[in-house]
Amino acid sequence: MTESSRIRSTGPAATQVRPRTEGWTQKKDEAGRPLLQFASPKRGKPPVHLADLTPAERTEKVKELGLPGFRAKQLATHYFTHYTSDPAHMTDLPAAQRDELVAGMLPPLLTEVRRLETDRGDTIKFLWRLHDGALVESVLMRYPGRITLCVSSQAGCGMNCPFCATGQAGLTRNMSTAEIIEQIVRANRLIAEGGLGGKKSDDHSMERVSNIVFMGMGEPLANYKRVMDAVRIMVAPQPDGLGMSARGVTVSTVGLVPAIRKLADENIPVTFALSLHAPDDQLRDELIPVNSRWKVDEALDAAHEYYEKTGRRVSIEYALIKDMNDHAWRADLLAEKLNQRGRGWVHVNPIPLNPTPESVWTASTREVTNEFVRRLNEAGVPTTLRDTRGKEIDGACGQLVATTEDEAAAEAMA
Ligand code: SAH
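When we follow this note's numbering, the leftmost residue of the sequence shown carries the number 964, and every step to the right adds one.
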């Protein structure tokens, strides 16, 4: 028996086992509290785009540009149903004003710096440069029966989680609504052109992204308004929006409790996911710096309220980190805390930890992972291991960070 497994079996009083080599220390503010950055640093705003505006505002803006209001709907159709911003494709618009209209309504927002794909071609990671040079990533994944896009909501992230590469890089700025939406439109364009492999059929023209997960860079609820405006555009019928199903949109949060409550009142039945990663405050304080503001029980209460208000079963995300949070007693404690709040309201989604630069942590072993899952299921909490994709292209959960190599590539293009 190894030392750690002996300790693991001795119950809640056992000391926390950490890898010997651990060298991580938490970034702290002047008052000694874990460093958190909620406000977005002020930077030049991205240009206003059709996807930042309501249908009525789009019509107004087109009129300001000297054209009749109905042209707004034509532009929206090109953008939201044909996934194009290229004036050459818009032959239904008057040739003389077309370029100016498109420049005013559909300004370029994302420049593709690099695209990495897995061998099978069914997972693609995009690196985008924003207008001010900030870099973000999105990951496109084909699964049987669905196509999922993992989108970014901020350039960087202010939540400082030690096991997440994005969190360690800090917050550059919030993304605009249109910058969030443009990630989907660009992915849809690529799919329509047959650029996402993994399927035998040759006709990709009708295929598009069916599921969105806000699990790329950023804390979506720290950029609440723009993220919610983007969600509204995702679910608005075409051509006002992308005509997607709200159930196919997952908002994942580190646990900003007041914003979770607000989300529950929006009346948009998105799927809600809470990144818990530890069932006890002692450990969560360390793993999730925002736990210094909102504790495990408060976050779980807010998640349960989300279920009560929307009827949507919520997801608990739990990255399994070797000897850090993967103890059997923690699985039992998690099950107990979830069952205390009711049955059938939640499922647990353990994620084997993905490696990040300079992190000393590694994924739990297969046996420990299986035991963790087994205990939760046995306690009546539906639990399924997440099939994480894109590790070989650094595109998996927690691995999205712009490297110096990415920056050099972006500069070379600018
Ligand atoms: N800010 C949001 C979205 C983050 S990414 C949130 O915290 O939920 C989506 C998920 O990946 C989160 O659950 C996050 O905690 C998890 N994650 C971060 N780093 C990871 C890593 N190295 N391995 C596995 N999962 C990770």
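The C-beta atom is built at its ideal place from N, Cα and C for all residues, glycine as well.
Given the structure is predicted, the values throughout are model-derived calculations rather than measurements.
For G1119, the enclosing beta strand (DSSP E) covers residues 1117-1119. The beta-carbon separation of L1064 and R1021, rounded to 11 Å, does not stay under the 8 Å limit for a contact. In the three-state scheme derived from DSSP, where H, G and I count as helix and E and B as strand, Y1046 is classed as coil.
Burial check for H1052: the Cβ neighbour count within 10 Å stays below 16, so the residue is exposed. Residue A1141 holds the alpha-carbon nearest to the alpha-carbon of H1012 among A1141, E1023, P1345. Q1117 sits close to M1180, with the two beta carbons spaced by under 8 Å. For secondary structure counted as the alpha helix (DSSP H) over 4 or more consecutive residues, the segment 1199-1233 holds these complete runs in sequence order: 1220-1227. Here M1104 carries a strand assignment [DSSP, helix/strand/coil]. For T1325, there is no enclosing alpha helix (DSSP H), as DSSP marks it with neither H nor E. In terms of CA proximity to T1086, V1172 leads the group V1172, V1194, D1166, C1120. Looking at the DSSP output, K1026 sits in no beta bridge, so it has no partner there. Just so you know, the alpha carbons of K1225 and A1058 end up roughly 45 Å apart. For V1311, the closest C-alpha among the options R1337, Y1281, T1325, R1304 is that of Y1281. Sequence-distant partners of D1055 (beyond 5 residues in either direction) whose C-beta falls short of 8 Å from its own C-beta, in its chain, are Q1037. In this structure the segment 1091-1110 does not touch the segment 1215-1229; the number of beta carbon pairs closer than 8 Å is below three. With contacts defined by Cβ atoms closer than 8 Å, A1326 and R1293 do not form a contacting pair.
In the three-state reduction of the DSSP assignment, V1065 falls in the helix class, which pools H, G and I.
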